[in-house]
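**Student:** Residue numbers (this note's numbering), protein chains in the order written: chain A, 1 to 316; chain B, 1001 to 1316; chain C, 2001 to 2316. Every residue gets a Cβ at the ideal spot worked out from N, C-alpha and C, and that includes glycine. Fair warning: this is a prediction, and the values are worked out from it, not measured in the lab. This structure is in structure tokens; I'll ask about it shortly.
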Amino acid sequence: MQNNRQINKSGELQHLLTIEGLPVSMLHHILDTAESFVGVTEREVKKVPLLRGKAIFNLFFEPSTRTRTTFEIAAKRLSADVINLNISASSQSKGETLLDTVNNLSAMHADMFIVRHAQSGAAHLIARHVAPEIHVINAGDGRHAHPTQALLDMYTIRHFKRDFHELRVAIIGDVMHSRVARSQIHALTTLGVPEVRVIAPKTLLPKGVEHLGVHAYHDMSKGLKDVDVLLMLRLQNERMQGALLPSAQEYFKYYGLTPEKLALARPDAIVMHPGPMNRGIEIDSSVADGPQSVILPQVTFGIAVRMAVMSILAGS
Amino acid sequence: MQNNRQINKSGELQHLLTIEGLPVSMLHHILDTAESFVGVTEREVKKVPLLRGKAIFNLFFEPSTRTRTTFEIAAKRLSADVINLNISASSQSKGETLLDTVNNLSAMHADMFIVRHAQSGAAHLIARHVAPEIHVINAGDGRHAHPTQALLDMYTIRHFKRDFHELRVAIIGDVMHSRVARSQIHALTTLGVPEVRVIAPKTLLPKGVEHLGVHAYHDMSKGLKDVDVLLMLRLQNERMQGALLPSAQEYFKYYGLTPEKLALARPDAIVMHPGPMNRGIEIDSSVADGPQSVILPQVTFGIAVRMAVMSILAGS
Amino acid sequence: MQNNRQINKSGELQHLLTIEGLPVSMLHHILDTAESFVGVTEREVKKVPLLRGKAIFNLFFEPSTRTRTTFEIAAKRLSADVINLNISASSQSKGETLLDTVNNLSAMHADMFIVRHAQSGAAHLIARHVAPEIHVINAGDGRHAHPTQALLDMYTIRHFKRDFHELRVAIIGDVMHSRVARSQIHALTTLGVPEVRVIAPKTLLPKGVEHLGVHAYHDMSKGLKDVDVLLMLRLQNERMQGALLPSAQEYFKYYGLTPEKLALARPDAIVMHPGPMNRGIEIDSSVADGPQSVILPQVTFGIAVRMAVMSILAGS
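Okay, structure coming up:
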């Protein structure tokens, strides 16, 4: 996919479609901007007028209350007007094409589209067709990318670990079907993490994943050794019913993060998860709620990171 | 259920979960505050900035457009940001637990949760787990409680009858399955109403209801005699299909409020209903739309009462 | 239907239910007001405070994301509070009547109802029952009327053609089932268009349509001759399955707007469509996206026109 569209000729962010190809300076600019917003969300009046009068459309072609909510809150804290469109139940069923829908909303003088779509490349397609004053954020497209999730993960890592250049980071679980994992890998390597590992059963690891600059492991006991950051992935229930996995119990036995397995990592390792968690499948509750878990801070930082991306894109 | 959680150590309202256990002074404080908001809703610009920048989440695990709307309007008139979450269709179906959902929303720096849930105790459970700066309002949990409905009923009674200490009040209909009835009984007895009656067929009256301080009647002609206030309950359609009731016609014949039955009450008696009404089942249209009906004023006062509760909880 | 209700005794617009019966001066007043709002939607901060604190309810008894969205954006640009109610899934299913729903919302001190309903006359019925300070906009009722769509069409025609008095306008497609066509015919004849044509197969043309002051054609080659404005109608998919039409291909062959057929009209003719389009059925993509298409400007003007109607109704 053509990613160059997301940086304009002046080197500014025009869209956020994928982490792939973003310069390290841009990643740090987003994280620094997010840091300035963390304070806003803790104030009595959690609002800044940066996007007042802007019209932000949540275009969710795939249901996701959680992600939609984080963008809605972030936009409202920037004083934007938010319009939620749940498109599956709408014009799409009347046979209107994706681009007709987007062209119509553009003609209403939209300022930003937040796009979640089951098909990889949907946000890119939209970005390629909108007018130059409209910005697109990819909120998850198929198995391809989920850049704001990866950015909030990076914010969380930077918050707790400060320097990316000394870290061992492991991404654990269904890497194969995960847009989150793809975006995390690009972000970690761009930010200079020297060792990125992926740990998964063979059936859940894409072929040639090493070409992305990661080390592949099929065994938690080896893969977790001396790791500083554990990025757990959500196991899609659908995988269970297919031929890719024997059973939830089996999966938990070998890849579920228990206190015993976590003890293989560094004692100050942090545990992250994009949510929603399958407790007892990919993660044990004692770890999810334990002292090394930073899963709830991820959510908090997620609002600030989305405010940062939106204000960088549409702020004047 | 532990109700003491809703009053904090300084004697202030921390959550509104149930009427049970609330001191009479708190009930009057809410009603007095509501009175100050009635004027706001009649102004040209129906807004006050009391909750500006606060994030209020409508967490509706059970659909209810009407109740959700009243809270949404009340919050917007207080200038809060409102986020509607219809949770049945969302993360719950992805297997996330109620508490994970709530913890996530808390981590987004929510200020208030309005909770409607089919299970009794859901709002209590949430209140027990949220951070101290987050407030919970029970908007109906199972058969347990619906405190804001009872409060708006009390506001309406106080508005039309002034003094609670001289009143005969009858609650009529499906008391057994009604969270509204439970909350009304607690409110009426706390506010000093000397005679609270419940009128229902035996199958729709919970055993031992007299222990709540009410008099039970199975006969409208006796129960309505000299009553000042009639609180009608909605008959759930589901009850009809079960063994609890013979038929809608039979029910209407014996318990439906007709002008003839209403004539048994005091001539200045007022008729109330929480809505939505089943006209021709629990209430005749000529009564619902008649001169003694204060059903629409209930709705109007409901906005002011919800503004009062929200501003007492989250106002600074 | 009684349309006189929409103009009050002072000659001001009280509701917008239908174009039928509106004086030409009122139509121009709405279009002139819309013109002043076109600039607002192109500003950095796309907001004016005209309806601050007003509560506008989108009452959609029939799903329509597109129309609902245009009203929601228009209302937010006027700084109103918007509450979306999707009523099919709500109280209606609990057996509440339309009027009880509306009376309840009125009691919450609503300022305006935007009503979309599958039954002709629904908006009129509501307008007949609301309090005098509440305004109703018909956003489409059955086959009867869709006045804001017709007004935005008139705005678009005036924008591109300036004077209505010299125009030949053709309405093409399923006139029989179209509320849009009915409203367009009333608007065009009121504004003084000397020649309004309708072009459709016999099965899709209502009997006696000539009494509305239009000329009926069944043949595109005759009907399109020397036309200045082409108003395409959406072909409802349901018609295909019925006996009214042979097939989509047949329809496209005879009535689908291709470049060849468009060449029969005047060289500077403009092509309009209310959306969503069935590309390849009633319109060819090369026309929809071609130089004579003003379909996207229609959408843009639609926001300004709806802001105009709302501010004329509820502005102080």
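Only counting the same chain, and skipping five residues up and downstream in sequence, which positions put a Cβ closer than 6 Å to that of Met2001 of chain C?
**Tutor:** At Met2001 of chain C the pLDDT is 48, less than 50, meaning the model places this residue with poor confidence; the figure from the coordinates comes in the next sentence. Same-chain partners within the cutoff: Gly2121, His2124.
**Student:** Terminal residues of the continuous alpha helix (DSSP H) containing Met318 of chain A?
**Tutor:** Not covered by the structure: residue 318 of chain A. The range shown for chain A is 1 to 316.
**Student:** Contact criterion: CB-CB distance below 8 Å. Does Leu2085 of chain C meet it with respect to chain B?
**Tutor:** yes
**Student:** Return the Cβ separation of Tyr155 of chain A and Phe301 of chain A in integer angstroms, given the expectation that the two are a contact with Cβ distance under 8 Å.
**Tutor:** 5 Å
**Student:** Report, in whole angstroms, the separation of the C-beta atoms of Ser2326 of chain C and Arg2052 of chain C, which I expect to be a contact under 8 Å.
**Tutor:** An answer regarding residue 2326 of chain C cannot be provided, because it is not within the stretch 2001 to 2316 covered by chain C.
**Student:** Within 8 Å of any Cβ in chain F, is that where the Cβ of Arg158 of chain A sits?
**Tutor:** The chain labelled as chain F is not found among the protein chains of the depicted structure, namely A, B and C.
**Student:** Evaluate contact between the region 190-204 of chain A and the region 129-141 of chain A, counting only Cβ atoms and requiring at least three cross-stretch pairs below 8 Å.
**Tutor:** Fewer than three beta-carbon pairs drawn from the region 190-204 of chain A and the region 129-141 of chain A are found closer than 8 Å, and the two stretches are therefore not classed as touching.
**Student:** Is Leu296 of chain A close to chain B, meaning its C-beta is less than 8 Å from at least one C-beta of that chain?
**Tutor:** yes
**Student:** Below 7 Å CB to CB, which residues in the same chain sit around Gln184 of chain A once its five sequence neighbours on both sides are set aside?
**Tutor:** Ala150, Asp153, Ile171, Leu231
**Student:** Is there a C-beta anywhere in chain A that falls below 8 Å from the one on His1117 of chain B?
**Tutor:** no
**Student:** Answer yes or no: does any C-beta atom of chain B fall closer than 8 Å to that of Lys253 of chain A?
**Tutor:** no
**Student:** Given a limit of 9 Å on CB to CB distance, which residues of the region 52-63 of chain A reach chain B?
**Tutor:** Of all residues in the region 52-63 of chain A, the ones placed with a Cβ closer than 9 Å to any Cβ belonging to chain B are Pro63, in chain order.
**Student:** Do you know how far the Cα of Gly2192 of chain C is from the Cα of Leu2027 of chain C?
**Tutor:** Roughly 11 Å between the two C-alpha positions.
**Student:** Please work out which residues of its chain come closer than 7 Å, Cβ to Cβ, to Ser1293 of chain B, disregarding the five sequence neighbours upstream and downstream, and give them in chain order.
**Tutor:** Val1271, Val1287
**Student:** Starting from Val1169 of chain B, trace the beta strand (DSSP E) both ways and give me its first and last residue.
**Tutor:** 1168-1172
**Student:** Pick out whichever of B:Lys1161, B:Leu1167, B:Arg1158, B:Gly1213 has its Cα sitting closest to the Cα of Ala1181 of chain B.
**Tutor:** Distance from the Cα of Ala1181 of chain B is smallest, within the candidate group B:Lys1161, B:Leu1167, B:Arg1158, B:Gly1213, for B:Gly1213.
**Student:** Would Met232 of chain A pass as an interface residue toward chain C - the criterion being a Cβ-Cβ separation below 8 Å?
**Tutor:** no
**Student:** Under 7 Å between beta-carbons, which chain C residues line up against Glu1072 of chain B? List them in chain order, please.
**Tutor:** Those are Ile2083, listed as they occur along chain C.
**Student:** If you check the beta carbons only, do Leu17 of chain A and Val309 of chain A fall under 8 Å apart?
**Tutor:** Taking the C-beta atoms as reference points, Val309 of chain A is found no nearer than 8 Å to Leu17 of chain A.
**Student:** Taking any Cβ of chain A, which residues in the region 2260-2280 of chain C have a Cβ under 9 Å from it, in chain order?
**Tutor:** Gly2275, Pro2276, Met2277, Asn2278, Arg2279
**Student:** Only counting runs of 4 or more residues, tell me where the alpha helix (DSSP H) segments fall wholly within the region 255-286 of chain A, in order along the chain.
**Tutor:** 259-262
**Student:** Curious, which full-length beta strand (DSSP E) runs of at least 3 residues does the region 2121-2159 of chain C contain?
**Tutor:** 2135-2141
**Student:** For the structure I just gave you, are there three or more beta carbon pairs, one from the region 275-290 of chain A and one from the region 247-259 of chain A, closer than 8 Å?
**Tutor:** yes
**Student:** Mind checking the region 1023-1042 of chain B against chain C and listing, in chain order, the residues whose C-beta falls within less than 8 Å of any C-beta there?
**Tutor:** Listed by position, the residues of the region 1023-1042 of chain B near chain C (Cβ gap below 8 Å) are Thr1041, Glu1042.
**Student:** Taking the continuous beta strand (DSSP E) assigned at Glu2195 of chain C, which residues delimit it?
**Tutor:** Here the beta strand (DSSP E) through Glu2195 of chain C covers 2195-2199.
**Student:** Does the distance from the C-beta atom of Ile2083 of chain C to that of Thr1069 of chain B stay below 8 Å?
**Tutor:** The answer is yes: Cβ separation under 8 Å.
**Student:** Please state whether DSSP places His2215 of chain C in a helix, a strand or coil.
**Tutor:** In the structure shown, the three-state DSSP call for His2215 of chain C is strand.
**Student:** In whole angstroms, what separates the C-alpha of His211 of chain A from that of Lys222 of chain A?
**Tutor:** In a straight line, the C-alpha of His211 of chain A is about 20 Å away from that of Lys222 of chain A.
**Student:** Just checking: is the beta-carbon of Ala2107 of chain C within a distance shorter than 8 Å of some beta-carbon in chain B?
**Tutor:** yes
**Student:** Using a Cβ-Cβ cut-off of 8 Å, state whether Glu250 of chain A counts as contacting chain B.
**Tutor:** By the rule that beta-carbons nearer than 8 Å mark a contact, Glu250 of chain A does not touch chain B.
**Student:** Straight-line CA distance for Asp2163 of chain C to Asp2111 of chain C?
**Tutor:** 35 Å
**Student:** Can you pull the chain B neighbours of Thr300 of chain A, defined as C-beta to C-beta under 8 Å?
**Tutor:** Residues of chain B with a Cβ closer than 8 Å to the Cβ of Thr300 of chain A are, in chain order, Ala1107, Met1108, His1109.
**Student:** The beta strand (DSSP E) that contains Val115 of chain A, what's its start and end?
**Tutor:** 112-117
**Student:** Assuming Lys2046 of chain C and Ala55 of chain A are in contact, meaning their beta carbons sit under 8 Å apart, how far apart are those beta carbons, in whole angstroms?
**Tutor:** 7 Å
**Student:** Can you pull the chain A neighbours of Ile2303 of chain C, defined as C-beta to C-beta under 8 Å?
**Tutor:** Met108, His109
**Student:** Flag Thr2067 of chain C as yes if its beta-carbon sits less than 8 Å from any beta-carbon of chain A, otherwise no.
**Tutor:** no
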